[in-house]
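Here the protein sequences line up with chains A, B and C, keeping their order. The first sequence begins at 22 in the working numbering and counts up by one. The second sequence begins at 22 in the working numbering and counts up by one. The third sequence begins at 22 in the working numbering and counts up by one.
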Amino acid sequence: MGVMKVVSVLVFLFLCVTGCTSAAPGRRMRGRQPCKQLVLYFHDIIYNGKNAKNATSAIVGAPAWGNKTILAGQNHFGDLVIFDDPITLDNNLHSQPVGRAQGFYLYDKKEIFTAWLAFSFVLNTTDYKGTLNFAGADPLMNKTRDISVIGGTGDFFMARGIATVMTDAFEGEVYFRLRVDVKLYECW
Amino acid sequence: MGVMKVVSVLVFLFLCVTGCTSAAPGRRMRGRQPCKQLVLYFHDIIYNGKNAKNATSAIVGAPAWGNKTILAGQNHFGDLVIFDDPITLDNNLHSQPVGRAQGFYLYDKKEIFTAWLAFSFVLNTTDYKGTLNFAGADPLMNKTRDISVIGGTGDFFMARGIATVMTDAFEGEVYFRLRVDVKLYECW
Amino acid sequence: MGVMKVVSVLVFLFLCVTGCTSAAPGRRMRGRQPCKQLVLYFHDIIYNGKNAKNATSAIVGAPAWGNKTILAGQNHFGDLVIFDDPITLDNNLHSQPVGRAQGFYLYDKKEIFTAWLAFSFVLNTTDYKGTLNFAGADPLMNKTRDISVIGGTGDFFMARGIATVMTDAFEGEVYFRLRVDVKLYECW
C-alpha cells in the first residue's frame, strides 16, 4: 500500500467526518436501552359531590348527556377531568408523596373505556428535582399502554422517552392508581 | 509504525465514523428528507343532539354563550370537542378503518375559524402497529397547516416530525374530513 | 509525506471522532447553550361576562362548583380556559402584535395557584414565520417556571427546547401578562 493511497483514504475519511456523519440523526437506529428509568405511582380520587376534602381531581367538561359529579354513561365518553394527584414510590396511597402528577385526562370512546392523557410529573425529591411532560392515548382495557415523554425540565432537562402505564388499582368510579414506568431514551 | 498498523487504525476509524458517531445534535442542520412518510385521513362527525348513533365526537366544553349540541357563535370560539374518529387510507368514510384518531380539538379565535389540536393516531394495520402523538395550532382558513409530531410508540418508537393537515371535506357543521400527511424526521 | 505526518493526522482525526462529535444521542450530555433564543410577551384578558369586546380568553370548562364568567373558588381548581392572546416584543399590551399565543390553560390545584399549559406561538414577523408548540406545568407561585418546547414548524422546523415563563403583570382576575424566554437547544 503506497503512501498516496493512505493519503487518499485519509482525505476521504476526513471529508466523511466533517460531511457525511450526523446528517444521520433521524435516519438511524439508536440505542433502545433507556439512559434513565424510574417507576412511580400516582393516585386519583375523583370528586363525586361528597368527597370535596379528599378529592384530587374533578370533572370539568362533560358531554350533553353528562354532569360534573358522575362520570357519564357510554364508557364516560366526553368526560374531561383535571387532576393534581400525589406521586409515590410504591403503591400505597398513604406513602410520603415525592411529587404531584398534574394535568388532565379525557375519556374518548363510546364502545369501550379509552382515555387520552396530557400531564406533568412535578418531582421534588432528594434524587430528582424537575418536571417530566407526558402525552398520549391510554386504551384502558390493555394491561399496559405506552405514552410519550415529550419533554422535561430541571434534572430532566430536554428528556424524551416512553412511559409504560398500568392500572394498578381501580376501585369503583372514585379511585384509581396508575403505575408509570418512565424510560428515557434521550438524556442531556 | 508499519503500514499494516496504519491500515488497521484506518479501518477502526472508518468503522467508527460510519457506525459510532452522530455529531452535534441540537447544533447543526440535519437532513430535511423524511425518514418515514404516510398519508392518512380521518373523519369527524360531531354530536348535534340527534345523531347519537353515528357521532364520533362531542362538545364537552363551551363558553358562557355556548351549549353542548350546537357549535358556538363567534367562529365557535371556546368550544372544546373530544373525538374518537376512524382513520382510513383514502378519503372514503366507509373504507375499512386502519385505526382511530383520539384526542381533542378546540376553537380558539373569535374573528376567524382557528383551532388547536392534541391527539393520537392509534394504528393497528399489517404495516403499522403503534401510536403517533400530535399537537399544534390549526388555522383552518389556510389550505395546509403544519402541526408537530411530538412522539410515538410501537412501530413509531420515539418518532418526531411534522404533520401537514388539510381539510379534505367540510359538510355543514356536522362532518369534516382531514387529510394528514405525516412526515417523520426522527426515526429510531 | 512521512509516516509521522500520517500518524499525526490520524491522531487529530481520532480525537475529533471521539471528541468533537457527540456520539450516541440519548446517552451523553450535550451542549447547554441555546442554538436560538427569543423573548416574547403575551397578554390574556379573560371573559367575565362584561368585556366581550376586549376579552382574548374564556372559561370553557369548570368544576361542579364553578361557572363560566367567574374563576372558581379554591384557587380556580378545575377551570379550563381557551385563549387567543396577542404576542408582543415588549411588555406593552398596545404594542404591535407579532403573533398570537393560542391554546389553553387549566388550574389544577386546590391549595395554591398552579396551572398547566398547552399552546402554540403562531408568529408572523419579518424575522420569524412559523409556530412553536409548548406544554408543561406552571406553578404560578414560583417566580420563574420552565415548560417544554415540544416542537415547531416553519422557521422553527423540528425545534425543541425550554421556555422559562414569568408572570410579568397580574391585574385582578381579568388581565395577566406572561414573559416567555424561549431557549431552543435543538435547531434544524
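We put the beta carbon where it would ideally sit given N, CA and C, even for glycine.
Grab me the residues of residue i's own chain with a C-beta within less than 6 Å of its C-beta, minus the 5 sequence neighbours each way, in chain order.
i               : result
R200 of chain B : Y62, M187 and D189
D176 of chain C : Y149, K150 and G151
Q95 of chain C  : K131
Y126 of chain B : V102, A136 and L138
L92 of chain B  : D100 and E194
I80 of chain B  : K89, D100 and V102
V203 of chain A : L59 and A184
N154 of chain A : S141, I171 and G172
H97 of chain B  : Y128
T174 of chain B : G151 and T152
A122 of chain A : F63, D106, I108, F140 and F142
Hey, could you find the ends of the beta strand (DSSP E) residue i is sitting in?
i               : result
M187 of chain B : R181 to E192
A139 of chain C : A136 to N145
Q95 of chain B  : Per DSSP, Q95 of chain B belongs to no beta strand (DSSP E) and is neither H nor E.
K57 of chain C  : K57 to I66
G151 of chain A : K150 to D159
G175 of chain C : T165 to G175
I91 of chain C  : Unbroken run through I91 of chain C: none, as it is neither H nor E.
P107 of chain C : L101 to T109
Can you tell me whether DSSP reads residue i as helix, strand or coil?
i               : result
S78 of chain C  : strand
G124 of chain B : strand
Y199 of chain B : Sequence inspection shows Leu at residue 199 of chain B; the Tyr mentioned does not correspond to that position. L199 of chain B falls in the strand class under three-state DSSP.
E207 of chain C : strand
T42 of chain B  : Reliability fails at T42 of chain B, whose pLDDT of 34 lies under 50, so the model's placement of it is uncertain and no value is given.
N112 of chain B : coil
Taking 8 Å as the CB-CB cut-off, is residue i touching chain A?
i               : result
N145 of chain B : no
G47 of chain C  : Reliability of the predicted coordinates at G47 of chain C is poor, the pLDDT of 38 falling under 50, and the value obtained from them is presented with this limitation in mind. It does; some Cβ of chain A falls within 8 Å.
P55 of chain C  : no
M179 of chain B : yes
Let me see if you follow: with CB-CB separation under 8 Å, is residue i close to chain C or not?
i               : result
I183 of chain B : yes
I67 of chain A  : no
G173 of chain B : no
N154 of chain A : yes
Y206 of chain B : yes
Can you find a CB in chain B that lies within less than 8 Å of the CB of residue i?
i               : result
G70 of chain C  : yes
R200 of chain A : no
With a CB to CB cut of under 8 Å and the five nearest residues on each side skipped, what residues in its chain are close to residue i?
i               : result
K112 of chain C : In the sequence as presented, Lys is not what sits at residue 112 of chain C; that position holds Asn. Closer than 8 Å at Cβ, skipping near neighbours: Y62, D189, A190, R198 and R200.
E207 of chain B : C56, M179, A180, R181 and G182
Y109 of chain C : Tyr is not the amino acid found at residue 109 of chain C; the sequence shown has Thr there. Correct list, in chain order: L61, Y62, F63, H64, S116, Q117, P118 and V119.
D159 of chain B : Y126, T135, A136, W137, L138, R166, I168 and V186
N69 of chain C  : A76, T90, I91, E194 and V195
N145 of chain A : V119 and G120
A83 of chain A  : K89, A93, G99, D100 and L101
W209 of chain A : F178, M179 and A180
Enumerate in chain order the residues of its own chain whose CB-to-CB distance from residue i is below 7 Å, with the five nearest sequence positions on each side excluded.
i               : result
L161 of chain C : F134, T135, A136 and T188
Quick one: is residue i near chain D, going by C-beta distance under 8 Å?
i               : result
N112 of chain B : Included in the structure are the protein chains A, B and C, with no chain D among them.
### Query
Looking at chain B, which residues of the region 97-108 of chain C have a Cβ within less than 7 Å of any of its Cβ atoms?
L101, I103, F104 and D105
#### Entry: Residues in the region 79-93 of chain C having any Cβ partner in chain A nearer than 7 Å
G82, A83, P84 and A85
### Task
Give the residues from the region 122-142 of chain B that approach chain C closer than 8 Å (Cβ to any Cβ), ordered along the chain.
L127, Y128, D129, K130, K131, T135, W137 and A139
### Message
Counting only Cβ-Cβ distances shorter than 8 Å, please list the residues of the region 157-169 of chain B near chain C, keeping chain order.
### Response
G157, A158, P160, D167, I168 and S169
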